[in-house]
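Undergrad:
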Amino acid sequence: MARRPSPQTRERILDAANDLFDRYGVHAVGMQRIIDEAACGKNLLYREFGSKDELVVAYLERGGAEWDVKFARALAAAATPQEQLVELVRVVGAGLPGTRGCGLRNTLAEYPDPDHPVHRFIVEHLEKVRGRLHDLAARTPTADPDRLVDRILLIINGLYSPYTVIAGEGRAAAEAVLLAREIVSA
Numbered sequence: 001m002a003r004r005p006s007p008q009t010r011e012r013i014l015d016a017a018n019d020l021f022d023r024y025g026v027h028a029v030g031m032q033r034i035i036d037e038a039a040c041g042k043n044l045l046y047r048e049f050g051s052k053d054e055l056v057v058a059y060l061e062r063g064g065a066e067w068d069v070k071f072a073r074a075l076a077a078a079a080t081p082q083e084q085l086v087e088l089v090r091v092v093g094a095g096l097p098g099t100r101g102c103g104l105r106n107t108l109a110e111y112p113d114p115d116h117p118v119h120r121f122i123v124e125h126l127e128k129v130r131g132r133l134h135d136l137a138a139r140t141p142t143a144d145p146d147r148l149v150d151r152i153l154l155i156i157n158g159l160y161s162p163y164t165v166i167a168g169e170g171r172a173a174a175e176a177v178l179l180a181r182e183i184v185s186a
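Residue numbers (full-length UniProt numbering): 1 to 186.
#1: Could you give the first and the last residue of the continuous alpha helix (DSSP H) run that contains V86?
#2: State the DSSP-derived secondary structure class of A28, mapped to helix, strand or coil.
#3: So which of R171, V184 and I156 has the shortest CA-CA distance to F71?
#4: Taking the alpha carbon of W152 as the point to measure from, which residue in P162, V177 and P141 has its own alpha carbon closest?
#5: Measuring CA to CA, which of L60, A38 and V69 is closest to P9?
#6: Grouping DSSP H, G and I as helix and E and B as strand, with all else coil, what is P145?
#7: List the endpoints of the continuous alpha helix (DSSP H) containing G50.
#8: So, is residue 191 buried or exposed, given that buried needs 16 or more other C-beta atoms within 10 angstroms?
#9: Report the rounded CA-to-CA distance for I183 versus V123, giving the unit in angstroms.
#10: Smallest Cα separation from V69: which of T99, G30, A143 and V91?
#11: Could you pull out every residue in the same chain whose Cβ sits closer than 7 Å to the Cβ of K42, ignoring the five residues on either side in sequence?
#12: Run the CB neighbour count on Q84, radius 10 Å, all protein chains shown included, and call it buried at 16 or more, exposed below.
#13: For the alpha helix (DSSP H) that H119 lies in, which residues bound it at each end?
#14: Below 7 Å CB to CB, which residues in the same chain sit around E110 once its five sequence neighbours on both sides are set aside?
#15: Do L45 and L96 have their C-beta atoms closer together than 8 Å?
#16: Using 8 Å as the limit for Cβ to Cβ distance, is L14 near chain C?
#17: As a quick exercise: from T99, A186, P117 and L133, pick the residue whose alpha carbon is nearest that of G170.
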């Protein structure tokens with residue numbers, strides 16, 4: 001009878017992959033490095049994740065869940081849809097220090113083939129985010145919710161850009177909040 005790994009084993013492997021992918025990028029990290037970092041055997045890793053692509057999707061799912069938490073935090077912290085959009089920008093900016101940007105966006109750059117399952121997963125996630133923002137923007141007094149969402153997404157994407165290195169993460173985040181406030185008030 002085969003031993004069943006504990007749920008903690010899967011999380012330990014995913015934690016190791018998450019850390020390595022965030023620091024170095026997905027393609028720069030081999031499976032052996034993840035095995036070494038997670039202190040597990042090759043068979044165990046492949047029993048939990050049938051391929052590197054499966055592990056990458058699990059990593060991205062975790063990133064998507066973290067985004068959902070940020071979104072919920074922004075909704076809970078502000079009373080109106082306009083304030084919630086601004087708060088979302090603030091929450092994203094507050095989460096930047098010590099990161100290499102957004103794991104989903106970084107990984108998308110490594111998987112340019114639109115037919116690849118990793119690429120498709122990321123695009124679907126980004127479309128879901130846009131849809132949720134559109135639902136929120138539609139509840140504001142704006143005459144053009146699509147335009148408002150596009151602008152908020154440009155601000156959020158800008159927070160993940162190298163500009164934060166030049167301006168400093170704190171300054172970039174503060175400017176992003178001010179810009180979001182101006183946009184939702186227009």
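A virtual CB, placed ideally from N, CA and C, is assigned to each residue, including glycine.
TA: Taking the structure as given:
#1: P81 to A94
#2: In this structure, DSSP gives A28 a state outside helix and strand, which the three-state scheme calls coil.
#3: I156
#4: Correcting the residue identity first, residue 152 is Ile in this sequence and not Trp. The candidate whose alpha carbon is nearest that of I152 is V177.
#5: One detail in the question is off: residue 9 reads as Thr in this sequence, not Pro. Cα-wise, what sits closest to T9 is A38.
#6: helix
#7: Where G50 is concerned, there is no enclosing alpha helix (DSSP H), given that its DSSP letter is neither H nor E.
#8: The structure shown does not extend to residue 191, since the chain spans only 1 to 186, so no value can be given for it.
#9: In a straight line, the C-alpha of I183 is about 25 Å away from that of V123.
#10: Each of T99, G30, A143 and V91 was checked against the Cα of V69, and the nearest Cα belongs to V91.
#11: I35
#12: Counting the other CB atoms within 10 Å of its CB gives Q84 a total of 16 or more, which places it among the buried residues.
#13: P117 to A137 is the span of the alpha helix (DSSP H), which, as asked, contains H119.
#14: Taken in chain order, the residues that qualify are G25, V26 and H27.
#15: no
#16: Protein chains in the displayed structure number just one, and chain C is not present.
#17: The residue with the shortest Cα to Cα distance from G170 is T99.
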